[in-house]
Amino acid sequence: MRLTAATLDAPNARELAAFYLRLLPGWRVWRGEESRDWVHIRPPDGGTGLSFQTDPAYRPPVWPSTPDRQQMMIHLDIEVDDLERETARALAEGARLAAYQPQDGVRVLLDPAGHPFCLYTETSQ
């Protein structure tokens, strides 16, 4: 048994996959696995990837969590070499900086579909 991907729902799988392909250098659509409603991307080394599934009823999570609102089911932790540079690049690619930042040395951002993800450096963990 081997974990191959985490899947994120989105209003448009192809648009969200395109964001992560820009964010994660070298990642590619895996073996032509792309349709209107499903895209799977993987890193250059072939390790665990990300999949994206179109869900017309998708509701973005609220960060931080609040009662009676859509809860976050998963978030991605992405290690970077330069936190400020990569935060600026993520913002330029379409991410939004979350209003709530719980830790120094970690940036919480929201992807275009509203999924939280964290950028951090090895020294900030």
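Counting from 1, one number per residue, gives the positions in the sequence shown under full-length UniProt numbering.
The C-beta atom is built at its ideal place from N, Cα and C for all residues, glycine as well.
Apart from sequence neighbours up to five positions away, the residues of its chain that approach leucine 23 with a beta-carbon distance below 7 Å are Ala90 and Glu93, ordered along the chain. Looking at the DSSP output, tyrosine 120 sits in a beta bridge with Glu79 and Val106. The C-beta distance from tyrosine 58 to proline 25 rounds to 27 Å, too long to meet the 8 Å contact threshold.
A residue is called buried when at least 16 other Cβ atoms come within 10 angstroms of its Cβ; glutamate 86 meets this threshold and is buried. Looking only at Ala5, Asp37, Arg31 and Leu3, the smallest Cα-Cα distance to leucine 16 is reached by Asp37.
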